[in-house]
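S.K.: So that we are looking at the same thing, I have put the structure below in structure tokens.
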Amino acid sequence: MCPFFGHPSPPAPCPCPLRQAWGSLDALVGRLRAAYEENGGKPESNPFGAPAVRLYLREVRDLQSKARGVSYEKKKRKKPQQDRRHPPLPPAAT
Numbered sequence: 028m029c030p031f032f033g034h035p036s037p038p039a040p041c042p043c044p045l046r047q048a049w050g051s052l053d054a055l056v057g058r059l060r061a062a063y064e065e066n067g068g069k070p071e072s073n074p075f076g077a078p079a080v081r082l083y084l085r086e087v088r089d090l091q092s093k094a095r096g097v098s099y100e101k102k103k104r105k106k107p108q109q110d111r112r113h114p115p116l117p118p119a120a121t
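Going by the working numbering, the first residue of the sequence shown is number 28, and it counts up by one from there.
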């Protein structure tokens, strides 16, 4: 909780972070991107899909993950394992 919560005239600037959570920002940008295209905007000219926006989101995600100790890295997919208990049978001789 903010140390100045409820004080109409705080003695100093609020020390609370001014950034939204990365997930909230990512969802908002996604909705803005979709709304732009739904209203006739072309995907190539969508300002919410600009490289600067993606870079900013990535920076916020990285900073917040370091501050919280949470990893947002994509998990690698595991390859399906074959049944190793029984080796394949040799072809039948005729």
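Note that CB positions come from ideal geometry on N, CA and C, so glycine has one too.
Could you tell me the alpha carbon to alpha carbon distance between E86 and A77, rounded to whole angstroms?
M.R.: Looking at the two C-alpha atoms, the distance is approximately 15 Å.
S.K.: Rounding to the nearest angstrom, what Cα-Cα distance links A79 and C43 in this structure?
M.R.: Distance between the alpha carbons of A79 and C43: 26 Å.
S.K.: Distance check for Q47 and A39, CA to CA, integer angstroms please.
M.R.: Taking the straight line joining both Cα atoms gives about 22 Å.
S.K.: On the three-state DSSP scale, how would you describe Q91?
M.R.: DSSP places Q91 in helix when its eight states are reduced to three.
S.K.: Using DSSP with H/G/I as helix, E/B as strand and the rest coil, what is G68?
M.R.: Note: G68 maps to coil in three-state DSSP.
S.K.: Hey, L82 and V56: beta-carbon distance below 9 Å or not?
M.R.: No. Outside cutoff.
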